[in-house]
Amino acid sequence: MAKTKFFKSKDKKIPLPVFFPDATRGVVKAIDTSDLESTKTPGILVNTYHLYRELGDEVVKKFGGIQRFMNWDGATISDSGGFQVMSIVKANPNSGSVIDKGVIFRESKKRKIIFTPEKSVNFQMNLNCDMVIALDDFTDPNSSYDEAKDSVERTIKWAKRSKDEFLKVCREKKIDKKDRPYILGVVQGGKYQDLRKYCIEKLVEIGFDGFGYGGWPINKQGNFDYETAETMVKYSPKNYLLYGLGIGKPEEIVKCVKLGFDIFDCVLPTRDARHKRLYVYNADSINDIDINSPDFYSFYVPDKEKYYKDDSSVSKACDCLLCRKYSKAYLAHLFRIKDFTALRLATIHNLRFYSILMEKLRRK
RNA sequence: GCCAAGGUGGCUGAGUGGACAAAAGCAUCAGACUGUAAAUCUGACGGCCGGAAGGCCUACCUAGGUUCGAAUCCUGGCCUUGGCA
Numbered sequence: 007m008a009k010t011k012f013f014k015s016k017d018k019k020i021p022l023p024v025f026f027p028d029a030t031r032g033v034v035k036a037i038d039t040s041d042l043e044s045t046k047t048p049g050i051l052v053n054t055y056h057l058y059r060e061l062g063d064e065v066v067k068k069f070g071g072i073q074r075f076m077n078w079d080g081a082t083i084s085d086s087g088g089f090q091v092m093s094i095v096k097a098n099p100n101s102g103s104v105i106d107k108g109v110i111f112r113e114s115k116k117r118k119i120i121f122t123p124e125k126s127v128n129f130q131m132n133l134n135c136d137m138v139i140a141l142d143d144f145t146d147p148n149s150s151y152d153e154a155k156d157s158v159e160r161t162i163k164w165a166k167r168s169k170d171e172f173l174k175v176c177r178e179k180k181i182d183k184k185d186r187p188y189i190l191g192v193v194q195g196g197k198y199q200d201l202r203k204y205c206i207e208k209l210v211e212i213g214f215d216g217f218g219y220g221g222w223p224i225n226k227q228g229n230f231d232y233e234t235a236e237t238m239v240k241y242s243p244k245n246y247l248l249y250g251l252g253i254g255k256p257e258e259i260v261k262c263v264k265l266g267f268d269i270f271d272c273v274l275p276t277r278d279a280r281h282k283r284l285y286v287y288n289a290d291s292i293n294d295i296d297i298n299s300p301d302f303y304s305f306y307v308p309d310k311e312k313y314y315k316d317d318s319s320v321s322k323a324c325d326c327l328l329c330r331k332y333s334k335a336y337l338a339h340l341f342r343i344k345d346f347t348a349l350r351l352a353t354i355h356n357l358r359f360y361s362i363l364m365e366k367l368r369r370k
């Protein structure tokens, strides 16, 4: 029986699955929200840690949340800052540390930020997004079993504190049950499937609206860890939203949707766009796209000598601003002269690629 | 015509007797990028052989010369730019 899940965003119901690009600092890099709308992107992910540092509570409160601040009509999810535990603290021990109380980000010798689960939830509630994510302790992909177990235990404790804080804020703000944002628990445990299962069970006891596939989904060989994705689906309650945090490549999203995942975010389409890698369907029209074929897309790198004079469009199976209006030659030129417009057009294109992908996945 | 400066790898441009197949930047080519410390990073970039260490060949306008050894010093030629006539 097909699931009839949707993503509730204020008064809207967005059909699943969805892909939300990352607007980490309150902007999808290189484009504004009008551009974003034009890509038919239904929502975005903003980041609690970065916005806490760089924007601050006061401004967020004044605007009543990030959505109004950005003047964005679509859905929003706020990430907890859990990823920064890995990307900043664990990648460079001088930049901070993880303790039971929370994460210490050492900004400089004089200044440090202590990020607790409570603080993360609190700030997220002020960001006023459609989904709050509990702060988690990222399992390092190279962790031993014991290290992974520690991160799972801490993730569970933090999840409980996050949930408690969430309920507390909801009570204080008198947010009606049906108007509450979703709260997502994050499942850690690395490659150890029994730890994943254990983590899920403990998080279910606490109670969430959905689970995030946390950690690094890529193994040492560079292959996607579908085994963990399957474990997530297998042990999660059926009514839970399943969110592939930071996932992923188009083919990975296709497979995860088939397994049962509903929500995705990833920097790949936007970062790749800025790094001159465009996603192009191997098809002559949007209708002809076959996402079940093994090579349904390829990469187009615009900044190549062979394209300097190419008057064709980047993709026939795309209706984005770039593909409708401009040639390969023009885009190559914009990249060569380092004009910002190149990044904008490429980002718009890649986001439309992803939104088409999700449209195709919804249809099946 | 005279005076001055100069001609270096696709381009800009260091190097002024051996550590030079020649810095650096650009361009080009290849690779990476997965809850964004990323409009970023890595590698190749005269030819041939080798997996590599390394080896061989051809190279700093051109023709000679000095020297054990020259992109670097000397002489002639060609060319470029600036100043003066």
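In this note's numbering, the protein residues as written are 7 to 370. By construction, the Cβ of each residue, glycine as well, lies at the ideal position given by its N, Cα and C atoms. None of these values were measured; they are calculated from a predicted model.
Given residue i as reference, the closest of the options once Cα atoms are compared
i, options, result
"Asp-316", "Tyr-332, Asp-301, Tyr-303", "Tyr-332"
"Ile-259", "Ser-157, Asp-231, Ala-279", "Asp-231"
"Ser-304", "Ser-318, Ala-323, Lys-312", "Ala-323"
"Ser-101", "Ser-86, Ile-119, Lys-264, Leu-349", "Ile-119"
"Gly-218", "Lys-282, Val-239, Lys-226, Asn-225", "Val-239"
"Lys-68", "Thr-47, Leu-351, Lys-197, Asn-134", "Asn-134"
"Val-104", "Val-66, Thr-122, Lys-116, Glu-113", "Thr-122"
"Gly-250", "Gly-266, Val-127, Arg-59", "Gly-266"
"Asp-85", "Asp-106, Arg-31, Leu-61", "Arg-31"
Where the alpha helix (DSSP H) through residue i begins and ends
i, result
"Ser-84", "Ser-84 -> not in any alpha helix (DSSP H); beta strand (DSSP E) instead, spanning 81–85."
"Ile-259", "256–265"
"Tyr-204", "199–212"
"Asp-455", "The chain is shown only over 7 to 370; residue 455 falls outside these bounds and no answer can be derived."
Three-way DSSP call (helix, strand, coil) for residue i in this model
i, result
"Phe-89", "helix"
"Ser-15", "strand"
"Asp-345", "coil"
"Arg-283", "coil"
"Ile-354", "helix"
"Ile-162", "helix"
"Val-138", "strand"
"Phe-270", "strand"
"Pro-23", "coil"
"Val-239", "helix"
"Tyr-249", "strand"
"Ile-50", "strand"
"Phe-217", "strand"
"Ile-297", "coil"
"Phe-144", "coil"
"Ile-362", "helix"
"Asp-28", "strand"
Residues of its chain near residue i, where Cβ-Cβ distance is below 8 Å and the 5 sequence neighbours each way are ignored
i, result
"Thr-276", "Pro-27, Asp-28, Val-34, Lys-35, Ala-36, Thr-353, Asn-356, Leu-357"
"Ser-319", "Leu-328, Cys-329, Arg-330, Tyr-332, Ser-333, Lys-334"
"Asp-325", "Ile-292, Arg-358"
"Lys-310", "Ala-338"
Boundaries (first-last residue) of the beta strand (DSSP E) holding residue i
i, result
"Leu-190", "188–193"
Contact set for residue i: own chain, Cβ-Cβ below 6 Å, skip 5 residues either direction
i, result
"Ser-15", "Ala-81, Asp-136"
"Ala-165", "Ala-140, Gly-191, Leu-209, Ile-212"
"Lys-46", "Ser-361"
"Met-131", "Val-175"
Cβ shell of residue i (< 7 Å), same chain only, five flanking positions each side left out
i, result
"Val-193", "Arg-202, Cys-205, Ile-206, Leu-209, Phe-217, Gly-218, Tyr-219, Gly-220, Met-238"
"Met-364", "Pro-23, Val-24, Phe-25"
"Tyr-151", "Tyr-198"
(message) Just to confirm the assignment: which complete beta strand (DSSP E) runs, minimum length 3, are found wholly within the segment 56–131?
(response) 81–85, 102–104, 109–112, 118–121
(message) As an exercise, report each continuous beta strand (DSSP E) stretch of at least 3 residues that is fully enclosed by the segment 303–343, in chain order.
(response) 303–306
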